[in-house]
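Trainee:
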Amino acid sequence: MSDEHIDEISGVSTTGHEWDGIRELNNPLPRWWVITFYITIVWAIGYTIAYPAWPLLHSATKGLLGYSSRNEVRNELTAAEAAKGKYISAVASKSVSEIAADDGLREFAIAAGGAAFKVNCVQCHGSGAQGSKGFPNLNDDDWLWGGKAEQIQQTITHGIRFASDPDTRLSEMPAFGDIITADQIAQVGTYVASLSGKVQHAGLVEPGAKVFAENCVACHGDNAKGNKELGAPDLTDAIWLYGSGETAIATQVRAPKQGVMPAWGARLGETKVKELAVYIHSLGGGE
Numbered sequence: 001m002s003d004e005h006i007d008e009i010s011g012v013s014t015t016g017h018e019w020d021g022i023r024e025l026n027n028p029l030p031r032w033w034v035i036t037f038y039i040t041i042v043w044a045i046g047y048t049i050a051y052p053a054w055p056l057l058h059s060a061t062k063g064l065l066g067y068s069s070r071n072e073v074r075n076e077l078t079a080a081e082a083a084k085g086k087y088i089s090a091v092a093s094k095s096v097s098e099i100a101a102d103d104g105l106r107e108f109a110i111a112a113g114g115a116a117f118k119v120n121c122v123q124c125h126g127s128g129a130q131g132s133k134g135f136p137n138l139n140d141d142d143w144l145w146g147g148k149a150e151q152i153q154q155t156i157t158h159g160i161r162f163a164s165d166p167d168t169r170l171s172e173m174p175a176f177g178d179i180i181t182a183d184q185i186a187q188v189g190t191y192v193a194s195l196s197g198k199v200q201h202a203g204l205v206e207p208g209a210k211v212f213a214e215n216c217v218a219c220h221g222d223n224a225k226g227n228k229e230l231g232a233p234d235l236t237d238a239i240w241l242y243g244s245g246e247t248a249i250a251t252q253v254r255a256p257k258q259g260v261m262p263a264w265g266a267r268l269g270e271t272k273v274k275e276l277a278v279y280i281h282s283l284g285g286g287e
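In terms of the UniProt record's numbering, the sequence shown opens at residue 1 and continues consecutively.
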């Protein structure tokens, strides 16, 4: 006796499987589907013959067409380098001001400088160049040594307090904890805080102004606006590298922190430094 089951409605045999009263009809595959399936098999075999495919002991089959994805990438990189070559040459031969004045070169330099910034600068200045405590924000208009493109280039090239570069930017605030009294430090800290509207002990402002006049104006100026020739910061703009408020300022007066920035000129080369300078200048705070 045959175990074959015939569906009463369609008259087609079933596969013999049943689940919850449901049986699967044993219909043949559509002819177009079968033909397509065999075509894909033939195509796959042909592909493995024409292109690199089969692994061998120490290599792989090369394919009749001699195609190599590595060579394709290499050729594309070569073409990309050739396309960039004219821009790189132009950047190398022009000053940063000339680059910034040329729309095409400026766009190229900003893109290239932005990429270099992400590799070399974000560790200190942050991914958005916003900086953090002890590391300057490069988006604002507060520049110790000037925010013109050439000045930024100079700073990147030679760094700040970088001992191995003889042309590095150099400024060193004295540790006034060894020069004036603790009371005077508290007074001048309060006075400096008052210049940007932060006052907790108003009675210390007037004596602090006197301490400032006797000890600080040589670098920061009579108006406390700073001196870019000396790298002395503006104390009136409410932008603070090591923290605001009377206590933070007094701490910096007593034992100032002296940050160090590497000299990037020898590491990156003049062209890449120019691109970085144009990029940083474009962030919004450039002069």
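The beta-carbon is built from N, C-alpha and C at its ideal position, and this holds for glycine as well.
In this text the structure is predicted, and so the values were computed from the model without any measurement.
Determine the contact status of T48 and T61, defining contact as a CB-CB distance below 9 Å.
Mentor: Against the sequence shown, residue 48 aligns to sequence position 48. Against the sequence shown, residue 61 aligns to sequence position 61. In contact: T48 and T61 (Cβ atoms closer than 9 Å).
Trainee: Name the one or two DSSP bridge partners that M261 has.
Mentor: As a position in the sequence shown, residue 261 is number 261, starting the count at 1. I160, per the DSSP bridge assignment.
Trainee: Select from A238, A218, F135, I45 the residue whose C-alpha is nearest the C-alpha of E229.
Mentor: For the purposes of this step, residue 229 is identified with residue 229 of the sequence shown, where counting begins at 1. Residue A218 is the option with its Cα nearest to E229.
Trainee: Are the CB atoms of V273 and W264 nearer to each other than 9 Å?
Mentor: Counting from 1 along the sequence shown, the entry for residue 273 is found at position 273. Counting from 1 along the sequence shown, the entry for residue 264 is found at position 264. Contact flag set, yes.
Trainee: Taking 8 Å as the threshold, find out whether the stretch 253-262 comes into contact with the stretch 153-162 through three or more Cβ pairs.
Mentor: Contact between the stretch 253-262 and the stretch 153-162 is present, because at least three Cβ pairs lie under 8 Å.
Trainee: Please state whether DSSP places A277 in a helix, a strand or coil.
Mentor: Numbered from 1 along the sequence shown, position 277 holds the residue referred to as residue 277. Residue state, collapsed to three classes: helix.
Trainee: Between the C-alpha atoms of I35 and N27, what's the straight-line distance to the nearest angstrom?
Mentor: For the purposes of this step, residue 35 is taken as the residue at position 35 of the sequence shown. For the purposes of this step, residue 27 is taken as the residue at position 27 of the sequence shown. Computed Cα separation, rounded: 16 Å.
Trainee: Alpha carbon to alpha carbon, how far is W32 from G46?
Mentor: Residue 32 sits at position 32 when you count from the first residue of the sequence shown. Residue 46 sits at position 46 when you count from the first residue of the sequence shown. The alpha-carbon atoms of W32 and G46 are separated by roughly 21 Å.
Trainee: Expressed to the nearest angstrom, what Euclidean distance is found between the alpha-carbon atoms of P207 and Y87?
Mentor: Against the sequence shown, residue 207 aligns to sequence position 207. Against the sequence shown, residue 87 aligns to sequence position 87. Taking the straight line from one Cα to the other gives about 58 Å.
Trainee: For the 8 Å Cβ check, are there 3 or more pairs between the stretch 88-105 and the stretch 143-150?
Mentor: They touch, by the three-pair rule.
Trainee: If you draw a straight line from the alpha carbon of K257 to that of I239, how long is it in whole angstroms?
Mentor: As a working note, residue 257 is residue 257 in the sequence shown. As a working note, residue 239 is residue 239 in the sequence shown. Between K257 and I239, the C-alpha separation is close to 16 Å.
Trainee: Pairs of beta-carbons, one from the stretch 130-147 and one from the stretch 196-203, closer than 8 Å: are there three or more?
Mentor: No, the stretch 130-147 is not in contact with the stretch 196-203.
Trainee: Taking its Cβ as the centre, do 16 or more other Cβ atoms sit within 10 Å of F176, making it buried, or is it exposed?
Mentor: Taking the sequence shown and counting its residues from 1, one reaches residue 176 at position 176. With 16 or more Cβ atoms within 10 Å of its Cβ, F176 is classed as buried.
Trainee: Helix, strand or coil: which one does DSSP assign to G269?
Mentor: As a first step, residue 269 must be located in the sequence shown, where it is residue number 269. Three-state DSSP puts G269 in coil, outside helix and strand.
Trainee: What is the DSSP secondary structure of E229, counted as helix, strand or coil?
Mentor: As a first step, residue 229 is located in the sequence shown; it is residue number 229 there, counting from the start. Coil at E229, not helix or strand.
Trainee: Can you tell which of Q252, R23, H17 has the C-alpha that lies nearest to the C-alpha of S10?
Mentor: Within the sequence shown, the letter at position 10 stands for residue 10. Selected option, being the one with the closest Cα: R23.
Trainee: Can you look up E24 in the DSSP assignment and give me helix, strand or coil?
Mentor: Counted from its first residue, the sequence shown places residue 24 at position 24. Three-state result, E24: strand.
Trainee: Given a cut-off of 9 Å on the beta-carbon distance, is the pair P136 and L235 in contact?
Mentor: By 1-based counting over the sequence shown, the position of residue 136 is 136. By 1-based counting over the sequence shown, the position of residue 235 is 235. Cβ atoms of P136 and L235: not closer than 9 Å.
Trainee: Look at G131 and K198 and say whether their C-beta atoms are less than 9 Å apart.
Mentor: Within the sequence shown, the letter at position 131 stands for residue 131. Within the sequence shown, the letter at position 198 stands for residue 198. No, Cβ-Cβ distance for G131 and K198 is not below 9 Å.
Trainee: Relative to the C-alpha of E270, which candidate in V192, S89, L57, I180 has its C-alpha closest?
Mentor: Residue 270 sits at position 270 when you count from the first residue of the sequence shown. Of V192, S89, L57, I180, the residue nearest in Cα terms is S89.
Trainee: What is the rounded straight-line gap between the Cα of G231 and the Cα of E172?
Mentor: Start at 1 with the first residue of the sequence shown, and residue 231 comes out as number 231. Start at 1 with the first residue of the sequence shown, and residue 172 comes out as number 172. About 9 Å.
Trainee: What are the uninterrupted segments assigned as alpha helix (DSSP H) that are 4 or more residues long and contained completely in the stretch 47-72, given in chain order?
Mentor: Here no run is fully enclosed.
Trainee: Since H125 is in the alpha helix (DSSP H), which residue starts that stretch and which ends it?
Mentor: Within the sequence shown, the letter at position 125 stands for residue 125. H125 -> alpha helix (DSSP H) spans 122-125.
Trainee: Just tell me which of S282, G63, F162, V192 has its CA closest to the CA of I152.
Mentor: The residue given as residue 152 occupies position 152 in the sequence shown. Nearest C-alpha to I152: S282.
Trainee: For D167, I'd like the list of residues in its chain whose CB is within less than 7 Å of its CB, leaving aside the five on either flank, ordered along the chain.
Mentor: Counted from its first residue, the sequence shown places residue 167 at position 167. Result list for D167: H158, in chain order.
Trainee: Among L268, S194, V211, which residue has its Cα nearest to the Cα of I179?
Mentor: Reading the sequence shown from its first residue, position 179 is the one you call residue 179. Closest option to I179, Cα to Cα, is V211.
Trainee: Determine the direct distance from the alpha carbon of G16 to that of M1, and round the result to whole angstroms.
Mentor: The count along the sequence shown starts at 1 and reaches residue 1 at position 1. The count along the sequence shown starts at 1 and reaches residue 16 at position 16. In this prediction, M1 scores a pLDDT of 44, lower than 50, which makes its location untrustworthy; no coordinate-derived value is stated.
Trainee: Rounded to a whole number of angstroms, what is the C-alpha to C-alpha distance between P174 and A79?
Mentor: Numbered from 1 along the sequence shown, position 174 holds the residue referred to as residue 174. Numbered from 1 along the sequence shown, position 79 holds the residue referred to as residue 79. Their backbone Cα atoms lie some 55 Å apart in a straight line.
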